[in-house]
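> Sequences listed follow chains A and B, in order.
In short: position in the first sequence from 1, add 154, done, that's this note's numbering.
In short: position in the second sequence from 1, add 154, done, that's this note's numbering.
I'd like to ask you about the structure that follows.
Protein chains: 2
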Amino acid sequence: MMVRDATGEDWPAIWSFMRAIVAAGETFPYDQEMNEMQAREIWLSHAPARTVVAVEPDHTIAGSAKMGPNHGGPGAHVASASFMVDPSRQGKGAGRALCEHALEWARSEGYRAMQFNAVAESNTQAVALYRSLGFEVLATIPEGFRHPTKGYVGLHVMHRRL
Amino acid sequence: MMVRDATGEDWPAIWSFMRAIVAAGETFPYDQEMNEMQAREIWLSHAPARTVVAVEPDHTIAGSAKMGPNHGGPGAHVASASFMVDPSRQGKGAGRALCEHALEWARSEGYRAMQFNAVAESNTQAVALYRSLGFEVLATIPEGFRHPTKGYVGLHVMHRRL
């Protein structure tokens, strides 16, 4: 699984799964009604942030990640990142490849830690992946996420030093 | 201390202290170099978010707050808020008035909780105020804030149910 910088030409492929992931409302705290322009504005980052795609050997885009400073100024030495994997391409390692890539990038850019602000605790697959890569749950916002079928669940703040 | 909605006409007064607060880099994780247009874009909110000012009896603007959803979609039922008080007008209750106002507003809008994402633990006055209003520290991001004289200090995530 190769990970490379995303370009404008990758957007239609990214949107094809991002649209479904956002509309499902099971994992991302994004407005489920967001339109394509808003989604593109949120997802395709500009420096110092960055957006990448995970590409399968047959050139299919299996997932995407964005990464950058979690806060500005005196908080800009801690990175954050978000990951989306095409639901039809799950289980092939795209999520892990993207997360490992983000960690390496953040380390090489001199960030001191990486933090995820909003990981739904019901998203057990993502929580397990992040834990396996050294993240720990620093806090769980009680009832911070409203899952469409599970109701209010906790929202983890996850962190690891780099 | 009266709290009312901010208007465009309040901006010069807000910027007069916001500029100094941001440049000092002691409390807000904002880019210290931000210019007036960027600051205005960040601070003057649009619905569903909202910006208010605290006004003294002589009509002086002593502080300002912005408040709104902390996340979108499935996370939009938790509010967040930020507060700035003119350093030359501290100790007159503007911070408390703004925070109480934000809590009442969030409650009336149906939010279930309020969360602050980035409270520098060195900002003991703010931490004490928030605790006195029912907030607790859910987590402290280790070394999450780089204070100009104290070096790396923790960054609190604070929360209270409404």
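Note that the Cβ used here is the ideal one computed from N, Cα and C, for glycine as well.
Just mark A/M156 as buried or exposed, buried being the case when its beta carbon has 16 or more other beta carbons within 10 Å.
exposed
> Taking C-alpha atoms, which residue in A/S276, A/H313, A/N189 and A/R285 lies nearest to A/Y265?
A/H313
> Using the three-state DSSP reduction, which class does B/G222 fall into: helix, strand or coil?
strand
> Rounded to the nearest angstrom, what separates B/V291 and B/E258 at their Cα positions?
20 Å
> Tell whether a beta-carbon distance below 8 Å holds between B/L287 and B/E254.
yes
> Any idea what DSSP makes of A/A203, helix, strand or coil?
coil
> Report yes or no: is there a C-beta of chain B within less than 8 Å of the C-beta of A/N271?
yes
> Look up A/H301 in the DSSP assignment and give the residues it is bridged to.
A/G305
> Per the DSSP calculation, A/D159 is bridged to which residue(s)?
Under DSSP, A/D159 takes part in a beta bridge, and its partners are A/V206.
> Determine the extent of the alpha helix (DSSP H) in which B/E192 is found, giving its start and end residues.
Correcting the residue type first, residue 192 of chain B is Gln in the shown sequence and not Glu. E190 to W197 is the span of the alpha helix (DSSP H), which, as asked, contains B/Q192.
> Can you give me, in chain order, the residues of the segment 201-231 of chain A that have a beta carbon less than 8 Å from any beta carbon in chain B?
H225, G226, G227, P228, G229, A230 and H231
> Between the segment 157-165 of chain B and the segment 205-222 of chain B, are three or more C-beta pairs nearer than 8 Å?
yes
> Whose Cβ in chain B lies nearer than 7 Å to the Cβ of A/I168?
Residues of chain B passing the Cβ test: none, with the nearest at roughly 18 Å.
> Our contact map puts A/V307 next to A/S262 with C-beta atoms below 8 Å; I'd like the distance itself, whole angstroms only.
Not confirmed; about 34 Å, so no contact.
> Secondary structure at B/A274, three-state DSSP: helix, strand or coil?
strand
> Interface residues of chain A around B/E297 at Cβ under 9 Å?
H231, V232, R266, A267 and R315
> Could you say which of A/V273, A/T278, A/F289 and A/Q279 lies nearest to A/P296 if we only look at CA atoms?
Measuring from the Cα of A/P296, the nearest candidate turns out to be A/V273.
> Taking 8 Å as the cut-off, decide whether the C-beta atoms of B/F182 and B/D240 are in contact.
no
> Name, please, each residue of chain B whose Cβ falls closer than 8 Å to the Cβ of A/D185.
G226, G227 and A230
> For the beta strand (DSSP E) that A/G237 lies in, which residues bound it at each end?
One detail in the question is off: residue 237 of chain A reads as Phe in this sequence, not Gly. A/F237 -> beta strand (DSSP E) spans V232 to V239.
> So who's on the other strand from A/I295, going by DSSP bridges?
A/L309
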